[in-house]
Amino acid sequence: MDTFANMQTWGHEQVVFSHEPSCGYFGIIAIHDTTLGPSLGGTRVWPYESTDAALKDVLRLARGMTYKSAVAGLNLGGGKAVIVADPKRADRESLFRAHGRFVESLGGRYITAEDVGTSPTDMEFVKRETKHVAGLLNLSGDPSPVTGYGVYVGMKASAKMRWGKDSLEGKTVAIQGCGKVAYYLMQHLHAEGAKLVVSDIDKAKVAIAVEEFGATAVAVDAIFDVQADIFAPCALGGILNDDTIARLKVEIVAGGANNQLAEERHGKAVEARGILYAPDYVINGGGVINVYGELQGWTMDRAKRKAQEIYDTMIRVYTIAGRDGIPSFEAADRLAEERIASVRALKRMWLAGDR
Ligand code: NAD
Numbered sequence: 000m001d002t003f004a005n006m007q008t009w010g011h012e013q014v015v016f017s018h019e020p021s022c023g024y025f026g027i028i029a030i031h032d033t034t035l036g037p038s039l040g041g042t043r044v045w046p047y048e049s050t051d052a053a054l055k056d057v058l059r060l061a062r063g064m065t066y067k068s069a070v071a072g073l074n075l076g077g078g079k080a081v082i083v084a085d086p087k088r089a090d091r092e093s094l095f096r097a098h099g100r101f102v103e104s105l106g107g108r109y110i111t112a113e114d115v116g117t118s119p120t121d122m123e124f125v126k127r128e129t130k131h132v133a134g135l136l137n138l139s140g141d142p143s144p145v146t147g148y149g150v151y152v153g154m155k156a157s158a159k160m161r162w163g164k165d166s167l168e169g170k171t172v173a174i175q176g177c178g179k180v181a182y183y184l185m186q187h188l189h190a191e192g193a194k195l196v197v198s199d200i201d202k203a204k205v206a207i208a209v210e211e212f213g214a215t216a217v218a219v220d221a222i223f224d225v226q227a228d229i230f231a232p233c234a235l236g237g238i239l240n241d242d243t244i245a246r247l248k249v250e251i252v253a254g255g256a257n258n259q260l261a262e263e264r265h266g267k268a269v270e271a272r273g274i275l276y277a278p279d280y281v282i283n284g285g286g287v288i289n290v291y292g293e294l295q296g297w298t299m300d301r302a303k304r305k306a307q308e309i310y311d312t313m314i315r316v317y318t319i320a321g322r323d324g325i326p327s328f329e330a331a332d333r334l335a336e337e338r339i340a341s342v343r344a345l346k347r348m349w350l351a352g353d354r
């Protein structure tokens with residue numbers, strides 16, 4: 000893989016490879032774009048089969064964070080880190096303190112947080128070496144309540160776009176996955192009088208949805224065939240693909256899962272079936288809003304108020320899609336790029352703080 004060619008194609012500013020032999024640390028930090036502020040994104044621990052695989056992942060994820068924070072209206076750029084290791088490794092202090100030292104060496108250009116394979120406890124080790132870390136124990140904590148709330152308001156905006164009013168009362172929502180985000184989403188939907196149909200590979204989680212929210216349970220794979228108004232993917236990525244899109248019997252897809260489109264062309268395929276698609280990184284932005292809130296010292300209520308803006312952002316995305324005749328997932332990218340370009344243009348004027 001030609002790293003510089005990829006950085007040039009995708010617009011990355013900086014990629015840092017780090018090695019600490021004492022604990023066998025091999026890590027990559029990718030900073031995509033810092034026009035809006037310091038780059039922020041989690042640290043993923045994964046046993047990548049090659050350096051190229053790790054690099055490809057970190058470049059893709061860092062770029063995704065630029066877009067996610069930009070549309071969420073945050074003063075943050077996009078970055079990400081990967082550590083090539085077994086996520087179950089026991090010697091976590093040395094691994095994450097080594098990581099913290101490399102994060103610190105970037106002087107605040109990159110702020111880290113937890114991600115796949117890491118936990119708030121790991122971030123406490125990072126914290127011993129750098130202040131450029133969020134998602135710590137006893138601070139903003141689990142982002143799922145804010146994410147679930149953001150998905151709920153984004154779903155209402157999608158309903159407004161599709162049906163002319165945003166009430167979800169009496170609507171049927173098919174939810175894939177009954178995990179943390181889905182739980183808070185279900186709370187709001189149930190309170191508004193929506194009917195829920197759910198699936199999860201974990202039977203205990205399904206039982207909670209049935210008991211607390213009166214949900215109807217279906218088999219794991221049957222969720223794609225449910226006759227409903229809205230399909231809410233809240234489990235895995237890649238679930239909008241050649242097989243599933245053809246099966247959907249809904250008018251809106253709006254859920255919290257990351258990377259819902261197996262490939263970009265599936266964003267067009269969903270819309271070709273007349274289904275309105277809420278771009279994942281816009282509707283699930285509550286998670287990064289929560290982390291930003293921690294950095295700013297916000298309360299959960301303040302973070303939720305910020306997440307409420309997802310409603311207007313979704314409307315803006317759909318409006319751009321209509322204006323430019325493009326699918327909604329491309330409109331989301333355009334909204335992010337327009338915000339970054341407008342802030343970048345402002346920076347042409349010199350201020351005393353600039354050097
Ligand atoms: P979670 O682990 O609590 O929930 C995921 C659930 O999906 C689990 O209950 C799991 O058993 C279930 N699941 C796995 N495979 C399944 C399948 N084939 N069919 C049905 N259910 C299946 O995770 P979460 O924090 O709720 O996150 C859910 C999704 O939202 C993920 O894609 C995550 O990346 C994304 N997301 C989460 C947040 C957040 O704040 N937690 C923020 C942004 C995006």
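Residue numbers (numbering that gives the first Met the number 0): 0 to 354.
Ideal Cβ positions, reconstructed from N, Cα and C, are used throughout, including at glycine.
Could you tell me which residues DSSP puts in a beta bridge with residue i?
i                 : result
arginine 91       : DSSP lists no partner for arginine 91.
threonine 215     : Val196
phenylalanine 230 : Ala173, Val252
valine 83         : Trp45
glutamate 12      : DSSP lists no partner for glutamate 12.
isoleucine 27     : Phe16, Val81
aspartate 32      : Gly77
glutamate 113     : Thr42
leucine 239       : Leu260
Do you know how far the Cα of residue j is from the Cα of residue i?
i                 : j                : result
leucine 235       : alanine 277      : 16 Å
glutamate 262     : valine 269       : 11 Å
cysteine 233      : methionine 154   : 13 Å
alanine 133       : tyrosine 24      : 21 Å
alanine 376       : serine 93        : Given a span of 0 to 354 for the chain in the structure shown, any question on residue 376 remains unanswerable.
isoleucine 229    : leucine 54       : 36 Å
glutamate 48      : aspartate 311    : 42 Å
proline 142       : threonine 318    : 28 Å
glycine 285       : tyrosine 148     : 7 Å
glycine 72        : alanine 112      : 19 Å
phenylalanine 328 : glycine 266      : 6 Å
threonine 243     : glycine 237      : 10 Å
histidine 11      : alanine 208      : 42 Å
aspartate 165     : valine 152       : 9 Å
lysine 170        : isoleucine 27    : 45 Å
threonine 120     : phenylalanine 16 : 24 Å
glutamate 123     : methionine 160   : 43 Å
alanine 80        : leucine 345      : 29 Å
glutamine 322     : tyrosine 66      : Looking at the sequence shown, residue 322 is not glutamine but arginine. Near 20 Å, if we compare the C-alpha coordinates of tyrosine 66 and arginine 322.
When the cut-off is 8 Å and only beta carbons count, does residue i lie next to chain D?
i          : result
lysine 130 : Reference to chain D is not applicable here, since this structure consists of a single protein chain.
Please give me, in chain order, every unbroken run of the alpha helix (DSSP H) with length at least 4 that falls completely inside the stretch 260 to 299. 264 to 271, 279 to 282, 285 to 295
Between the stretch 194 to 202 and the stretch 217 to 226, are three or more C-beta pairs nearer than 8 Å? Result yes; three or more Cβ-Cβ pairs closer than 8 Å.
Ignoring anything shorter than 3 residues, give me the beta strand (DSSP E) runs that lie fully in the stretch 119 to 203, in order along the chain. Note on the stretch 119 to 203: whole beta strand (DSSP E) runs with a minimum of 3 residues are 171 to 175, 194 to 198, in chain order.
Tell me, please, whether the stretch 244 to 259 touches the stretch 272 to 289 by the rule of three or more beta-carbon pairs shorter than 8 Å. Contact between the stretch 244 to 259 and the stretch 272 to 289 is present: three or more C-beta pairs spanning the two stretches fall below 8 Å.
At least three beta-carbon pairs within less than 8 Å, the stretch 184 to 195 to the stretch 289 to 297: no
So, do the stretch 321 to 334 and the stretch 177 to 184 have three or more beta carbon pairs nearer to each other than 8 Å? no
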